[in-house]
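**Student:** Heads up: the sequence shown begins at 1 in the UniProt record's numbering, then just goes up one per residue.
Ideal Cβ positions, reconstructed from N, Cα and C, are used throughout, including at glycine.
Remember, predicted model here, so these are calculated numbers, not experimental data.
Below are the structure tokens for one structure; questions will follow.
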Amino acid sequence: MICPGRTFRADELDATHSPVFHQVEGLVVDKGITMAHLKGTLDNFAQAMFGPDVTTRLRPSFFPFTEPSAEVDIFFNGRWIEWGGCGMVNPKVLTTCGIDTDVYSGFAFGMGLERTLMVRHNITDMHDIVEGDLRFTRQFGVGL
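Quick look at the structure:
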């Protein structure tokens, strides 16, 4: 399942963070799903977004609904930038949903659309995306 939408969280607006942003979330639950399936899916997604030469990495992290959990980073502008979060769905979540964890497992991920735009278009400050300046927007062929 893939689901885009608006996300709210307690972040301060700075060059790479916003308290309100758009995210694409993915969830896969099936027999025998592993971290390797998650990594392969994320690599394919990153290549579709940024081209075949993109470099990604997973960094251990914590999210309450996944275990293990990781941050997904993209190498951008000579440095690593956080692209999103991911992990294997915590078996307690699956059990609560009535799913037999002896048979099924799953993974989940969430990638910020603003971050994706930043990487694809070499935008260094998220303010440019979220402040609504038409001069900035028009350079991408979007006009009102």
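Which same chain residues, not among the five before or five after V29, have their C-beta less than 6 Å away from its C-beta?
**Tutor:** Numbered from its first residue, the sequence shown carries residue 29 at position 29. These residues qualify, in order along the chain: Y104 and G106.
**Student:** Between G51 and A70, is the Cβ-Cβ spacing less than 9 Å?
**Tutor:** As a working note, residue 51 is residue 51 in the sequence shown. As a working note, residue 70 is residue 70 in the sequence shown. Cβ atoms of G51 and A70: not closer than 9 Å.
**Student:** So for T96, helix, strand or coil by DSSP?
**Tutor:** Counting from one through the sequence shown, the residue named residue 96 turns up at place 96. T96: helix per DSSP, three-state reduction.
**Student:** Return the Cβ separation of D11 and P19 in integer angstroms, given the expectation that the two are a contact with Cβ distance under 8 Å.
**Tutor:** As a position in the sequence shown, residue 11 is number 11, starting the count at 1. As a position in the sequence shown, residue 19 is number 19, starting the count at 1. Indeed they touch by this definition, with Cβ atoms about 5 Å apart.
**Student:** Flag this pair as yes or no: are the beta carbons of V72 and E82 separated by less than 9 Å?
**Tutor:** Counted from its first residue, the sequence shown places residue 72 at position 72. Counted from its first residue, the sequence shown places residue 82 at position 82. Cβ atoms of V72 and E82: closer than 9 Å.
**Student:** How would you label I129, buried or exposed, when you count the other beta carbons within 10 angstroms and need 16 or more for buried?
**Tutor:** As a position in the sequence shown, residue 129 is number 129, starting the count at 1. Counting Cβ neighbours within 10 Å, I129 comes out buried, since at least 16 surround it.
**Student:** For L144, count neighbouring C-beta atoms within 10 Å of its own C-beta (all shown protein chains included) and say buried if the count is 16 or more, exposed if not.
**Tutor:** The sequence position of residue 144 within the sequence shown is 144, counting from 1. For L144, the pLDDT reaches just 49, beneath the cut-off of 50, and the residue's location in the model is therefore unreliable, leaving the point undetermined.
**Student:** Taking the alpha helix (DSSP H) that T116 falls in, what are its first and last residues?
**Tutor:** Counting from 1 along the sequence shown, the entry for residue 116 is found at position 116. Segment L113 to R120, the alpha helix (DSSP H) holding T116.
**Student:** Write down every uninterrupted run of the alpha helix (DSSP H) in the stretch 29-74 whose length is 4 residues or greater and which is fully enclosed by it, in chain order.
**Tutor:** Entirely contained in the stretch 29-74, the alpha helix (DSSP H) runs reaching 4 residues are, in chain order, 35-50.
**Student:** If I'm right that L113 touches H22 with Cβ under 8 Å, what's the distance once you round it to whole angstroms?
**Tutor:** Translated into positions along the sequence shown, residue 113 becomes position 113. Translated into positions along the sequence shown, residue 22 becomes position 22. Confirmed, about 4 Å.
**Student:** Only counting the same chain, and skipping five residues up and downstream in sequence, which positions put a Cβ closer than 7 Å to that of R59?
**Tutor:** Position 59 of the sequence shown, counted from the start, is the residue given in the question as residue 59. Closer than 7 Å at the Cβ level, and outside the excluded window around R59, lie A70, E71 and D73.
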